[in-house]
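2 protein chains.
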Amino acid sequence: MKVNEWTQLWLDHHRMYEGSGVWALELAGFDKDRAVIKSAIREFKRGMEALTGEKTLETASGSDTHKLIISQNSALSKESYHFEGSADGITLEALDENGVLYGVFAILRQIACGKKADQVSEKAAPSNPLRMMNHWDNMDGSIERGYSGESFFFENEEIIIDDRTRDYARFMASVGINGVVINNVNVKGAASYLITDRYFDKVKELSDIFGEYGIRLYLSLNFASPIEIGDLDTCDPLDKKVITWWEEKVKEVYDRLHSFGGFLVKADSEGRPGPFTYGRTQADGANMLGDVIKPYGGIIIWRCFVYNCTQDWRDTRTDRARAGYDYFMEQDGTYHDNVILQIKNGPMDFQIREPVSPLLGGLKQTNQMLEVQIAQEYTGHQIDLCYLIPMYKEVLDFHTHCGSEKDTVADVVSGRTMGNELAGMAAVINTGNDKNWTGNDLAAANLYGFGRLSFNTELTSEEIAREWIAQTFNLPEKETEILCSMLLRSREIYEKYTSPLGIGWMVTPNGHYGPSVDGYEYSRWGTYHRADHLGIGVDRTDKGTGYAQQYYEENARMYNDPLTCPEELLLFFHHIPYTWMLKTGKTLLQHIYDSHFEGEEEARGLATDWDKLQGVIPKESFDRVKERFLLQLDNAREWRDQVNSYFYRKSGIPDQKGRTIY
Amino acid sequence: MKVNEWTQLWLDHHRMYEGSGVWALELAGFDKDRAVIKSAIREFKRGMEALTGEKTLETASGSDTHKLIISQNSALSKESYHFEGSADGITLEALDENGVLYGVFAILRQIACGKKADQVSEKAAPSNPLRMMNHWDNMDGSIERGYSGESFFFENEEIIIDDRTRDYARFMASVGINGVVINNVNVKGAASYLITDRYFDKVKELSDIFGEYGIRLYLSLNFASPIEIGDLDTCDPLDKKVITWWEEKVKEVYDRLHSFGGFLVKADSEGRPGPFTYGRTQADGANMLGDVIKPYGGIIIWRCFVYNCTQDWRDTRTDRARAGYDYFMEQDGTYHDNVILQIKNGPMDFQIREPVSPLLGGLKQTNQMLEVQIAQEYTGHQIDLCYLIPMYKEVLDFHTHCGSEKDTVADVVSGRTMGNELAGMAAVINTGNDKNWTGNDLAAANLYGFGRLSFNTELTSEEIAREWIAQTFNLPEKETEILCSMLLRSREIYEKYTSPLGIGWMVTPNGHYGPSVDGYEYSRWGTYHRADHLGIGVDRTDKGTGYAQQYYEENARMYNDPLTCPEELLLFFHHIPYTWMLKTGKTLLQHIYDSHFEGEEEARGLATDWDKLQGVIPKESFDRVKERFLLQLDNAREWRDQVNSYFYRKSGIPDQKGRTIY
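Residue numbers (our numbering), protein chains in the order written: chain G, 2 to 663; chain X, 2 to 663.
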């Protein structure tokens, strides 16, 4: 594959101004031959020349020479950087090599966003120690919930390494990502052999490329490996033979992959094997692996996505939303130091609106990290525009009330609340081997945004949007405003035309694109809206499933009462009559009708706005996105009409405005 | 694959009594070296020895010798036979070789059903000239809507020929089948090349084996062959290049396959190419192929399954049920003599209850044949017991009122009504390479039954059931009664727990097993129930879509009025309030509740009855069926509860008997 066969995303380095000098480099405390430093210098040269036309020379002197002085500052924290531009050049300080690399990318970002080199200035330290991407890439090349082509890591059960691999690492480093899990959490078939000789050489090669950009490689693990690739008949985590098997296996892994980060494990979930099979706890499983990997400095990331996926829809007492808390809270405090629980933002599964998982901050003595999904599984398949950063921000800003201060999710998962070092954020990535990496060019804003947000959770959604627009398209002001507004409106619009007020689902089973109001209503997945001719919603109060009581008192009280429950989550927590009066003065049913008509109309507004950008957005990008807007309009119309028809047919209550409902 | 790896179905030839003689053969007017006659003699020897212990010897004489005298009788009609047993043996008369073969199978059948050889007697002529099986087998080995394993004709794009092939032909001939289409009507990929050198040798070999049992081989055709396997850029049936291409192709086919029967064509249907693409009529397409194949004595079977499969669910004027009639009636009288239209029994698609297609008998100057589906696509996937012969009988017995006499569907499709020679019945077969051929051992009753019924449409469902039970299991009287009753009850039971009163669908999309009441309600397939909080059903009267008016006056009037419309089809023709009073004195809604509770309970009754047969049914068969009954009970419960919950939640009207609805 040739370089021109894929885009450079936000590292497209538009010419921002014509510089008049050259750059000379000075390093103090860092070794220019170290891989990460070499990458930093390479990026600076490449970026600066593209952005300003100024070259960086090995030996330069004269009045037109600016200096980039990179020096070590032991007062700074891990991976942080300070830089300051002046007429003489730029000084960049960092404690470590990653700090240097991130500093260089930040300098380039500021220039791409409009500053001159002598104006750049920033002091930054990452909010989160772990900033990770999770690939759900399968070794046959397919991607679970991938909407951007096939995998660029795997094809026909082989690992692909080419120029694209390096560009991928560059992009990730440029937004501060320092860990990547390369394979799907559902580890089957060939993927079980990633920790064997069959793949070590190639994994090592990949790991080395990542290493040049300060990124550690992680693997998803098959908990049943002792059975599937070993010759044991058990994977009981307390069985001595199993422990010995893992000890030997992990030694083998680290003999071959010195800088290996560790394992991500999906156990006892949706058919995956796990400790429960042997009557063990999740902690038993995670701690065993943690102990085995500890001597090598590795970590175990244990997913909390454990629930009964063979529920009887008739059963209204069992509540999937409760499952994570029910399974993991009891063992709070028993997880070992190099084990971290990875918790999805909500208690269900990446719906367009969910409350924050009560496990986040509920756990008070356990390393925990936040998992979000950039891949738009339930949010439009990278066809529909849905800028997800505002959703992530809501989650991060949520006060768990786990303490009187430092109680937001951002505090908890960064380690600030508990003072723990193992903490952070992970995202299910939305990339594939499509030319533009993310299917919809605009979906790259989510990829960029997650990285930036995980590095700095204080950034606003709008700041991130503007940064991304400037670096990607370098648009004139008017067009920047249009595109920025499109991004910022998009999540609410998607929510309006899909499932109302936090109830979620109502989506086509399996595929998860397009409406099917009852699609998950009589299923085994624990995903019900319980609509009848009088009302809709799940009673998760103390009179219902008791889910609301999994929160700390303040939140539990708020959610428990439909009058204080935030209305965007009303149907998640309460079964509400269609005639219930919302704070807007509309009935619930009229709200459903109105929001669906509005959502569809506003989606058309997005498409109209996009048309205004014709000519300033490169034609190829413009056309790709335009094509998707046409599909989004079909989708929005289908959602609008199916949802409205469903409720009209069920309730018999007409739209007050007399619009067409079928 | 070894012989023991598959069962002998109804040719299992249980020992019925111990005969005391030997058999000698005498032929008059038939050549014992002809393939079909050899098969007949082979079957007689094998069957008679197994059933009675009596051998058939080349040279036999003495007082214990019975004679089988086979003689030609030119007074008999095609494929018919007369036989009569006596103390001296059996005389069998026929006009042609197929008649001899069918006569032999009939003799064996009568003995297997309890007669002694000296008591056998029958005069039979086939009701239908064409008695065909349509395989939906794909060349990768998969079977579209197959529930009995993979194909035994194809594997990895190669044709399989082994001992099983011959047994298949024997089974088909034993019930009078004289035509088999070996490949799926959706012709794609490798299947397009069945009419090329790549496969001719193997197709020839298969055709020869079929020929030994009086069966002609047919192929499904890709209408776009001139483009896909030729080098033309069109398949317009009126284009001279296209006609020339077909002339050469068909010559090539007949050069290689002398006894080839002809082509089955699915055109302009569900994404398949066809004449409409070029603004041509269905008749244009069919007649062109008919003319090309005529010199070789071949025929073109043209399916009438043409409808708009991208309908907007919002559109209540378009009615898929109308489509077949709308597309094909206009051209009545224009189809050539060697073209025959193959018409599904109902206007939709093999639902558990549909009215008879108005095309059947509506067409008065066109060869037409009836298509039914033995494969249980919508009738339980050969998991649920559903003996379909009663349904086929209803269709055959239906008075179309196309004339004052000979107006039943049986009359029309047999050729009796119009006096046409090209006429008959076809079925989508339910076989696969499972050991027992049909997944569920009891589903073989449908396979057997279709063959028998197509040969003799006067047989009753019960007669066929008893024949099949006797030959397959040879049960004691009490157990025969139990199993016979199970079969005869099963279709009504399946109907009770699935979709009510002819409305159909309500099935899981794509898979077509299990309930999803709204699964097809907002789809593009033209399959809607239009349920709201007050009622359900599709208005197909003169005030609605006008479908009812496609029937002859007597039927149109009957269907048009909800008071005279047969209640089992009430919701197919009318939108009816839940409070509507049925003739039983129940409301529509209470009928829905009651029939679903009853259906589930009666399904349990079937399973209980099956348990009574433990010990008399061979263990392996018993276990296979038992396992399926357990699944059927889950399915019946799921249908009961989802359908009842759906209507209760929508209508708000409780069950009068206070049973649990969720």
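All C-beta atoms in this analysis are idealised placements derived from N, C-alpha and C, irrespective of residue type, glycine included.
Can you check whether the CB of residue 472/X is closer than 8 Å to the CB of residue 51/X?
no
Assign residue 518/G to one of three DSSP states: helix, strand, or coil.
coil
Going by the CB atoms, is the gap between residue 75/G and residue 29/G shorter than 8 Å?
no
Nearest candidate by alpha-carbon position, reference residue 508/G, set 491/G, 360/G, 526/G:
526/G
Quick one: is residue 615/G buried, meaning 16 or more other Cβ sit within 10 Å of its Cβ, or exposed?
exposed
Residue environment, residue 276/X, which counts as buried when at least 16 other CB atoms sit within 10 Å:
buried
Per DSSP, the bridge partner or partners of residue 144/G:
138/G
Applying a beta-carbon distance threshold of less than 8 Å, which residues of chain G neighbour residue 433/X?
Ordered by position in chain G, no residue passes the 8 Å Cβ test against residue 433/X, which lies about 25 Å from the chain.
Looking at C-beta atoms only, is the number of pairs between the segment 57-64 of chain X and the segment 89-98 of chain X that lie closer than 8 Å three or more?
no
Looking only at its chain, what residues have a beta carbon closer than 6 Å to the beta carbon of residue 458/G, apart from the 5 residues adjacent to it on each side?
128, 397, 411
Apply the 10 Å Cβ neighbour rule to residue 15/G and answer buried if 16 or more other Cβ atoms are within range, or exposed otherwise.
exposed
Using only alpha-carbon positions, find the residue among 237/X, 515/X, 349/X that is nearest to residue 325/X.
349/X
Would you call residue 631/X buried or exposed, if buried means 16 or more other Cβ atoms sit within 10 Å of its Cβ?
exposed
Whole angstroms are fine: how far does the CA of residue 347/X sit from the CA of residue 306/X?
10 Å
Going along chain G, which residues have a C-beta under 7 Å from residue 500/X?
Neighbours of residue 500/X on chain G: none; closest Cβ ~15 Å, over 7 Å.
Would residue 589/X count as contacting chain G if we go by Cβ distances under 8 Å?
no
Under a three-way DSSP split, which group does residue 31/G fall into?
coil
Listing by chain order, which chain X residues have their CB less than 8 Å from the CB of residue 535/G?
653
What would DSSP say about residue 72/X, mapped onto helix, strand or coil?
strand
Is residue 87/G helix, strand or coil by DSSP?
strand
Based on Cα-Cα distance, which residue from 517/G, 336/G, 646/G, 636/G lies nearest to residue 494/G?
636/G
If you scan the segment 237-289 of chain X from start to end, which runs of the beta strand (DSSP E) of 3 or more residues do you find wholly inside it?
263-266
Across which residues does DSSP place residue 219/X in a beta bridge pair?
182/X, 263/X
How many angstroms separate the CA atom of residue 315/G from the CA atom of residue 432/X?
36 Å
What are the boundary residues of the beta strand (DSSP E) that residue 125/G is part of?
122-125
Return yes when at least one heavy atom of the ligand NAP lies under 7 Å from the C-beta of residue 659/G, else no.
The ligand NAP is not among the ligands present in this structure, which contains no ligands whatsoever.
First and last residue of the uninterrupted alpha helix (DSSP H) at residue 342/X:
Element bounds for residue 342/X: not the alpha helix (DSSP H) but the beta strand (DSSP E), 340-345.
List, in order along the chain, the chain X residues whose C-beta lies closer than 9 Å to that of residue 518/G?
519, 523
What residues are listed by DSSP as bridge partners for residue 132/X?
426/X
Does DSSP classify residue 389/X as helix, strand or coil?
coil
Tell me which same chain residues have a C-beta within less than 6 Å of the C-beta of residue 273/G, skipping the five on either side of it?
267
Check distances from the C-beta atoms of the segment 635-647 of chain X to those of chain G and list, in chain order, the residues that come in under 9 Å.
639, 642, 643, 646, 647
Rounded C-alpha distance that separates residue 463/G from residue 455/G:
15 Å
Would residue 88/X be called buried (16 or more neighbouring beta carbons within 10 Å of its own) or exposed?
exposed
If you draw a straight line from the C-alpha of residue 401/X to the C-alpha of residue 435/G, how long is it?
58 Å
Check the Cβ-Cβ distances between residue 663/G and every residue of chain X, and say whether any is below 8 Å.
yes
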